[in-house]
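Colleague: Sequential numbering of the sequence shown, starting at 513, is according to the working numbering.
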Amino acid sequence: MAYYLTGLLILRYIMRGSEFTELRAFAAIVEEGSFIRASARLRISPPALSQTIRQLEARLGVRLLNRTTRSVAPTAVGETLFARLAVVFGELEGAVADVQAARDSPTGSLRINVPRIAAMRFIAPILGDFQRAYPDIVLTIIVDDLLTDIVEGRFDAGIRLGERLERDMVAVKLSDDLQMAAVAAPAYLKGRAIPRFPQDLHQHRCINFQWPGGGNIYRWEFSRGKRSLEIAVEGSLIVNDTELMLKAALDGAGVAYMLDYQVQPSIETGKLVRFLENWSPSFPGFYLYHPSRRHVPPALRVFIDFIRTNRE
Numbered sequence: 513m514a515y516y517l518t519g520l521l522i523l524r525y526i527m528r529g530s531e532f533t534e535l536r537a538f539a540a541i542v543e544e545g546s547f548i549r550a551s552a553r554l555r556i557s558p559p560a561l562s563q564t565i566r567q568l569e570a571r572l573g574v575r576l577l578n579r580t581t582r583s584v585a586p587t588a589v590g591e592t593l594f595a596r597l598a599v600v601f602g603e604l605e606g607a608v609a610d611v612q613a614a615r616d617s618p619t620g621s622l623r624i625n626v627p628r629i630a631a632m633r634f635i636a637p638i639l640g641d642f643q644r645a646y647p648d649i650v651l652t653i654i655v656d657d658l659l660t661d662i663v664e665g666r667f668d669a670g671i672r673l674g675e676r677l678e679r680d681m682v683a684v685k686l687s688d689d690l691q692m693a694a695v696a697a698p699a700y701l702k703g704r705a706i707p708r709f710p711q712d713l714h715q716h717r718c719i720n721f722q723w724p725g726g727g728n729i730y731r732w733e734f735s736r737g738k739r740s741l742e743i744a745v746e747g748s749l750i751v752n753d754t755e756l757m758l759k760a761a762l763d764g765a766g767v768a769y770m771l772d773y774q775v776q777p778s779i780e781t782g783k784l785v786r787f788l789e790n791w792s793p794s795f796p797g798f799y800l801y802h803p804s805r806r807h808v809p810p811a812l813r814v815f816i817d818f819i820r821t822n823r824e
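1. What's the C-alpha gap between residue 635 and residue 776?
2. Specify the secondary structure class of residue 701 as computed by DSSP and reduced to three states.
3. Is there contact between the stretch 682-700 and the stretch 777-795, where contact requires at least three CB pairs shorter than 8 Å?
4. Considering only residues of the same chain and omitting the five flanking positions on each side of residue 552, which have a CB-CB separation below 7 Å?
5. Taking DSSP's pairing of strands, which residues face residue 795 in a bridge?
6. Count the other C-beta atoms from every protein chain shown that fall within 10 angstroms of the C-beta of residue 670, then say buried if there are 16 or more, exposed otherwise.
7. Along the chain, where does the alpha helix (DSSP H) that runs through residue 828 open and close?
8. Could you give the distance in angstroms between the alpha-carbon of residue 779 and the alpha-carbon of residue 549?
9. Within 10 angstroms of its Cβ, does residue 588 collect 16 or more other Cβ (buried), or is it exposed?
10. Quick check on DSSP: helix, strand or coil for residue 765?
11. Sort 760, 585, 800 and 758 by Cα distance to residue 542 and report the nearest one.
12. With C-beta atoms as the reference, is residue 718 less than 8 Å away from residue 767?
13. From the DSSP output, in three-state form, read off residue 782 for me.
14. State the DSSP-derived secondary structure class of residue 540, mapped to helix, strand or coil.
15. Whose C-beta lies closer than 8 Å to the C-beta of residue 683 among residues of the same chain, with five residues either side of it excluded?
16. What separation, rounded to the nearest whole angstrom, lies between the Cα atoms of residue 763 and residue 815?
17. Starting from the C-beta of residue 685, find all residues in its chain whose C-beta is less than 6 Å away, skip the five residues before and the five after it, and write them out in chain order.
18. In whole angstroms, what separates the C-alpha of residue 513 from that of residue 570?
19. Have a look at the DSSP bridge pairing and note the partners of residue 732.
20. With distances taken from CA atoms, which of 737, 681 and 773 is nearest residue 629?
21. Along the chain, where does the beta strand (DSSP E) that runs through residue 652 open and close?
22. Could you say which of 655, 688, 745 and 728 lies nearest to residue 694 if we only look at CA atoms?
23. Taking only the alpha-carbon atoms, compute the straight-line gap between residue 642 and residue 818 and give it to the nearest angstrom.
24. Report yes if the C-beta distance between residue 654 and residue 623 is below 8 Å; otherwise report no.
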């Protein structure tokens with residue numbers, strides 16, 4: 513009986529705009545398990561979302577959510593309501609997605625958060641072609657090296673190294689596994705012994721990397737077989753940008769430790785010499801990731817397809 517009445521409630525509220533908004537807000541909170549994440553997803557403030565839920569509970573005359581300072585969960589009645597909402601909203605989203613997917617040119621806005629190194633590798637090469645292919649999509653690219661939470665930042669998607677992916681995200685692989693590379697210019701190495709072991713770096717002038725946002729100095733990571741170690745290298749130059757590090761290495765400022773694909777062209781032309789390769793670890797490459805949703809917005813879907821088709 514309760515299940516039947518819940519179905520009637522849903523049908524009645526679907527027919528009225530404000531009540532539909534309340535139900536949509538309730539479903540988002542249950543799916544996200546958090547008022548903060550749900551408010552970011554719905555793009556409204558947490559206080560406004562709380563007020564919306566209070567109005568819904570007052571209108572229905574029942575408590576739908578149990579709240580604590582650390583968590584939120586549906587009550588028994590709330591679970592029953594959500595079970596029906598999931599089916600109804602799933603059908604509605606599917607119908608809308610099918611219609612939008614059938615359009616010749618998807619529309620909408622798309623906000624992408626991406627570190628600079630990935631922006632230059634994956635985004636910059638496709639911007640012109642993507643805008644010509646989908647002129648009605650408003651694309652915002654925010655270059656950010658601070659590991660911003662894309663849900664709290666109200667982004668539709670982001671690009672990040674696999675080892676730094678946020679939990680509960682849908683991830684699409686963009687590159688093969690990567691490897692670090694220790695390099696230096698021939699001019700710098702002239703008269704110096706090329707390092708054979710990571711500890712040999714203490715005898716060299718190294719270019720240190722500081723994590724963006726005033727973070728710690730990166731400790732160079734090495735591994736060989738079952739042995740792993742970190743080296744706090746020494747040097748009088750500290751940068752927080754890998755392109756600047758590459759330029760400094762090419763100019764003979766010292767030893768740099770970078771992603772292999774960044775320095776490979778310079779190695780092939782002899783402008784840089786690579787060493788410690790058998791000590792340089794591999795790790796997961798770049799991924800495009802986005803919050804888990806039953807139906808991916810058409811603008812995001814075509815962006816994902818486009819970047820995968822046109823990646824290097």
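Every residue gets a Cβ at the ideal spot worked out from N, C-alpha and C, and that includes glycine.
Modeller: Inspection of the coordinates gives the following:
1. 20 Å
2. helix
3. yes
4. 663, 664 and 666
5. 690
6. buried
7. The structure shown has nothing for residue 828, since the chain only spans 513 to 824.
8. 45 Å
9. exposed
10. coil
11. 585
12. yes
13. coil
14. helix
15. 674, 677, 799, 800 and 801
16. 38 Å
17. 799
18. Residue confidence for residue 513 is low, a pLDDT of 40 falling below 50, so the modelled location carries little weight and cannot support an answer.
19. 743
20. 773
21. 649-655
22. 745
23. 7 Å
24. yes
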